[in-house]
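Visitor:
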Amino acid sequence: MSTATDTIEEFTGQEYKYGFVTDIETEMIPRGLDESIVRLISSKKNEPEWLLEWRLRAYRHWLTMDEPEWHNVHYPKIDYQDSYYYAAPKPKKVLNSLDEVDPELLETFNKLGISLGEQQRLTGVAVDAVFDSVSVTTTFKEKLYELGIIFCSFSEAVHNHPELVRQYLGSVVPYSDNYFATLNSAVFSDGSFCYIPKGVKCPMELSTYFRINAENTGQFERTLLIADEGSTVSYLEGCTAPRRDENQLHAAVVELVALDGAYIKYSTVQNWYPGDKEGKGGIYNFVTKRGKCMANARISWTQVETGSAITWKYPSCLLIGDNSVGEFYSVAVTNNMQQADTGTKMIHIGKNTRSTIVSKGISAGKGQNTYRGLVRMNAGADGARNYSQCDSLLIGDRCGAHTFPYIDVRNPSAQVEHEASTSKIGEDQIFYCKQRGISTEDAVNLIVNGFCKEVFRELPMEFMVEAQKLLSVSLEGSVG
Amino acid sequence: MALLEIKGLHAAVDGREILKGIDLTVNAGETHAIMGLNGSGKSTLANVLAGRDAYEVTGGSVIYDGKDLLELEPEERACEGLFLAFQYPVEIPGVNNTYFLKAALNAKRKYHGQPELTAVEFLGLVKEKLKILHIDQSLLNRPVNEGFSGGEKKRNEIFQMAVLNPKLAILDETDSGLDIDAIRAVADGVNALRSPERATIVVTHYQRLLNYIVPDFVHVLLHGEIVASGGKELALKLEKEGYAWLEQDLAGAAR
Ligand SMILES: Nc1ncnc2c1ncn2[C@@H]1O[C@H](COP(=O)(O)OP(=O)(O)O)[C@@H](O)[C@H]1O
Ligand SMILES: [Mg+2]
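See below:
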């Protein structure tokens, strides 16, 4: 029915709300990448020798690697020499309190809806804000410190907790892991570090807010989260970036370590600038996220990916210890010209390990959405079980959904269950809603939220509301 | 003034003319039944009145409650009190039935400048309607029509109707596929809504439902035209004699 299709295409996408640029003096180092740049980054950050060595090993390894091409995303070749690998807001002295933070910066955070001030205490969220490359300020640090929880910028951790960083850095994602992770290992600028001591339940959601501001800078943050035996933590990560016509590379690495009996819940709402309707601009998001679970540990990844021109990420779990549990709940939205190739890897190594994968892909406009997942049951994974569910929802008929579930079972007692579905928001569903008085836009939101419910309910409350709003903004204009 | 006045209505689907000049006047307080064989255009008429895209109005006019109905968007028609109980209710996976109904009711209230109902007020209203209709409360927490049996879907339509409290309700074969208990429940719902300000159009091709919802007028739709109108006795005649005599009349008139 052409009328229905026309109206589906009629709607126009809403402008990217977070597309403002903060006018702040930025300290940059020369464009391009070579060993001297790696050294310069390291010296700017006063890093110890061992870390510089680690970066250099990564850099040299990176030179031997080729950019991967197996994914289902297409983009012009990235010129790695045309980017800046370090940008820090000036002045970049160590900040001790909010009063010392540049008011322009605070204004930016206010526009983003995060305040680093008193509100944080009320909302009970500790935020480590990463603005371009230097972590500006960390709230709540002291309160957490009383419990022995360390939550600070990566750079601070390098100086204040070098033994922890040295022990765990690269222990889940080695510097040689993949093209983008290796690049990150060479030039990572900052990020967040978190350590939860034995038996401690972190009493509040820990949250990092990333934002890319400077032009032509790649953001290479690195997050390292260690949950010691029997501890519990819920970590939230949100991302936005100003709108620019150039594409910006974002190649982050997140490493999670869940020691015996620990539980890490890691939630992401990713809303990087997706580019305009013609596909101009937008973030290239190539991210490596992986966690390892020791005995009886559990890692749960929940992601809502609405932004970026390209999303390339596979938050994964290495289920090393017996009885460990890995979970992946994902909503990925592609509208207009966005492309996403995302999924997870669940590597079952220990006995009786269990994993759950729930992936919801939504494509609208000319968006292309690919689920790519690997479930591997190693020879020693007696009694391991996996359940995967991959659902795709299409809005309009110019978008695409693709599913590549790889299953590799090397143990006969392991069980793998996979379900997949593809559905389309039907004209009949929308008409049904309209006949009950509900507008087209609300109808789409209703249907999409229904589709994503199993994932949304995994999100912490405040993120759930934000995710629903984001989704409706991302899809605004996808149906008429 | 009539609540609904249809004059010379023509409508096409995929370029094929289905409705070929319908005239029908429904006054507030009345219940009309529209009967006719499969494929005669009953659902088409219902969908045209509700404003479905695929149905193109090619001629005629429809005045509803003093307004040009054909100028209104489907959701505006709904907010103005026009309700269609669908012949084939659609499933909306994952969307809670109660949540859906609350969104619908609040959309309508917003349209009329009324404040939204609080969750408590809404639940109060819903529970009351469930009781009247003898509908099981478990229906509330299931996704809209998903996995519902045919009978549950139809009951759910009537439940929505009861909550939304329309001025003009159009029931498209709400009785087909229902057992006698379900038909009674549907009839109870419709009869509870009867009032001097409201009207109902019951589309059916069985006389059976009309034992429970007694119509003031019965119309026969055949090949896109109303070929006979009368009182409730017309339904009984159709039950006994079928539609053949009307076909013959038509053929005779065409000669
Ligand atoms: N959405 C549609 N697309 C194509 N043809 C349709 C559609 N709806 C109805 N028709 C056609 O219109 C005619 C009348 O159908 P309908 O109004 O459903 O009849 P009834 O409800 O009286 O059984 C039939 O020939 C049917 O095939
Ligand atoms: Mg019909």
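Chains as they are written, first to last, in this note's numbering: chain A, 78 to 557; chain B, 111 to 365.
In this text, a Cβ means the ideal position worked out from N, Cα and C, and glycines have one as well.
Just so you know, these numbers come straight off a predicted model, no measurement behind them.
1. From what residue to what residue does the beta strand (DSSP E) around A:Y252 run?
2. Is B:Q197 near ligand 2, going by C-beta to nearest heavy atom under 7 Å?
3. So if I threshold CB-CB distances at 7 Å, which residues from the segment 508 to 522 of chain A count as touching chain B?
4. Are the CB atoms of B:G131 and B:E335 within a distance shorter than 8 Å?
5. Answer yes or no: the CB of B:E283 versus the heavy atoms of ligand 2, is any distance below 7 Å?
6. Starting from the Cα of B:S248, find the closest Cα among B:R308, B:T208, B:L281, B:Q270 and give me that residue.
7. Which class does A:F297 belong to by DSSP, given the choice of helix, strand or coil?
8. Can you find the residues in the same chain that come closer than 6 Å, C-beta to C-beta, to B:K152, ignoring five residues on each side of it along the sequence?
9. Is A:D485 closer than 8 Å to A:L451 when the C-beta atoms are compared?
10. Please report the straight-line C-alpha distance between A:V542 and A:L313, rounded to a whole angstrom.
11. How far does the alpha helix (DSSP H) with A:D156 in it reach, from first residue to last?
12. Taking C-beta pairs closer than 7 Å, name the residues in chain A that B:R265 reaches, listed in chain order.
13. Compute the minimum distance between the beta carbon of B:K263 and the heavy atoms of ligand 2, and state whether it is under 7 Å.
14. For ligand 1, enumerate in chain order all residues having a CB closer than 6 Å to any of its heavy atoms.
15. Along chain B, which residues have their Cβ under 7 Å away from the Cβ of A:I524?
16. Closer than 8 Å, CB to CB, is A:Q506 near chain B or not?
17. Please classify A:N362: is it buried, with 16 or more other beta-carbons within 10 angstroms of its beta-carbon, or exposed?
18. Are the Cβ atoms of A:Y152 and A:I114 separated by less than 8 Å?
19. Distance, Cα to Cα, A:N412 vs A:F540?
20. Below 8 Å, can you find three or more Cβ-Cβ pairs linking the segment 208 to 222 of chain B to the segment 238 to 246 of chain B?
21. Which class does A:H327 belong to by DSSP, given the choice of helix, strand or coil?
22. Kindly say whether B:L288, judged by its beta-carbon, lies nearer than 8 Å to any beta-carbon of chain A.
23. Taking A:K530 as the query, report the chain B residues whose CB atoms sit under 7 Å from its CB, ordered along the chain.
24. Counting contacts by CB-CB distance shorter than 8 Å, is A:G442 in contact with chain B?
25. According to DSSP, what are the bridge partners of B:E186?
26. Starting from the Cα of B:D326, find the closest Cα among B:K350, B:I311, B:P184, B:E283 and give me that residue.
27. Given this structure, state the Cα-to-Cα distance separating B:R126 from B:A164, to the nearest angstrom.
28. Can you tell which of A:N261, A:V532, A:G527, A:N488 has the C-alpha that lies nearest to the C-alpha of A:S465?
29. Looking only at its chain, what residues have a beta carbon closer than 8 Å to the beta carbon of A:S212, apart from the 5 residues adjacent to it on each side?
30. What is the rounded straight-line gap between the Cα of B:C189 and the Cα of A:L260?
31. Pull up the DSSP beta-bridge partners for B:T284, would you.
32. Going by DSSP, what residue range makes up the beta strand (DSSP E) through A:G276?
33. As an exercise, report each continuous beta strand (DSSP E) stretch of at least 3 residues that is fully enclosed by the segment 465 to 540 of chain A, in chain order.
34. Candidates B:K212, B:E267, B:L319, B:D291: which alpha carbon is nearest B:E201's?
35. For a quick check, are the C-beta atoms of B:G139 and B:A309 less than 8 Å apart?
36. Please list the partners that B:Y221 has in chain A, where partner means a Cβ-to-Cβ separation under 9 Å.
Guide: Judging by the given coordinates:
1. A:Y252 -> no beta strand (DSSP E), and no H or E assigned at all.
2. In this structure, B:Q197 has its CB closer than 7 Å to one or more heavy atoms of ligand 2.
3. For the segment 508 to 522 of chain A, which is checked against every Cβ of chain B, the residues closer than 7 Å are F508, Y509, K511, Q512, R513, G514, I515, S516, D519.
4. Their beta carbons are under 8 Å apart, which means B:E335 touches B:G131 by this criterion.
5. Yes, ligand 2 has a heavy atom inside 7 Å of this Cβ.
6. In this structure, B:T208 is the residue among B:R308, B:T208, B:L281, B:Q270 with its C-alpha nearest to the C-alpha of B:S248.
7. Of the three classes helix, strand and coil, the one that applies to A:F297 here is coil, per DSSP.
8. The answer, listed in chain order, is I144, G146, V313, L331.
9. For A:L451 and A:D485, yes; Cβs fall inside 8 Å.
10. The straight-line gap separating the alpha-carbon atoms of A:V542 and A:L313 is approximately 14 Å.
11. Segment: none, A:D156 is in no alpha helix (DSSP H) and carries neither H nor E.
12. The contacting residues do not exist; B:R265 stays about 16 Å from chain A at best.
13. A distance criterion of 7 Å places the beta-carbon of B:K263 beyond contact range of ligand 2, judged by its closest non-hydrogen atom.
14. Any residue whose Cβ sits closer than 6 Å to a heavy atom of ligand 1 makes the list: B:V123, B:D124, B:I128, B:G146, B:N148, B:G149, B:S150, B:G151, B:K152, B:S153, B:T154, B:A164.
15. Under the 7 Å cutoff, chain B gives I202, V205.
16. Cβ-Cβ to chain B under 8 Å: yes for A:Q506.
17. When all chains shown are included, A:N362 counts as buried.
18. Cβ atoms of A:Y152 and A:I114: not closer than 8 Å.
19. Using only the alpha carbons, I get a separation of about 21 Å.
20. Between the segment 208 to 222 of chain B and the segment 238 to 246 of chain B there are fewer than three inter-stretch CB-CB distances shorter than 8 Å, so the stretches are not counted as touching.
21. A:H327 sits in a strand when the DSSP states are folded into three classes.
22. Interface residue (Cβ-Cβ distance to chain A less than 8 Å): B:L288 is not classified as such.
23. Per Cβ cutoff of 7 Å: G204.
24. It does not: the Cβ of A:G442 has no partner Cβ on chain B nearer than 8 Å.
25. Partner(s): none; B:E186 has no beta bridge.
26. Of the listed residues, the one whose Cα sits closest to B:D326 is B:I311.
27. Near 11 Å, if we compare the C-alpha coordinates of B:A164 and B:R126.
28. Comparing Cα-Cα distances from A:S465 to each of A:N261, A:V532, A:G527, A:N488, the minimum goes to A:V532.
29. Any reading at A:S212 needs caution, since the residue's pLDDT is 44, under 50, leaving its predicted position unreliable; the model's value is listed next. D205, A206, C229, S230, F231, S232, E233, D267, G268, S269.
30. Each residue's alpha carbon lies about 57 Å from the other.
31. Paired residues: none, contrary to the question.
32. In the DSSP assignment, A:G276 falls outside any beta strand (DSSP E) and carries neither an H nor an E.
33. You should have 477 to 486, 492 to 501.
34. Nearest C-alpha to B:E201 among B:K212, B:E267, B:L319, B:D291: B:E267.
35. Yes, these two residues count as a Cβ contact at 8 Å.
36. Close partners of B:Y221 in chain A (Cβ separation under 9 Å): G514.
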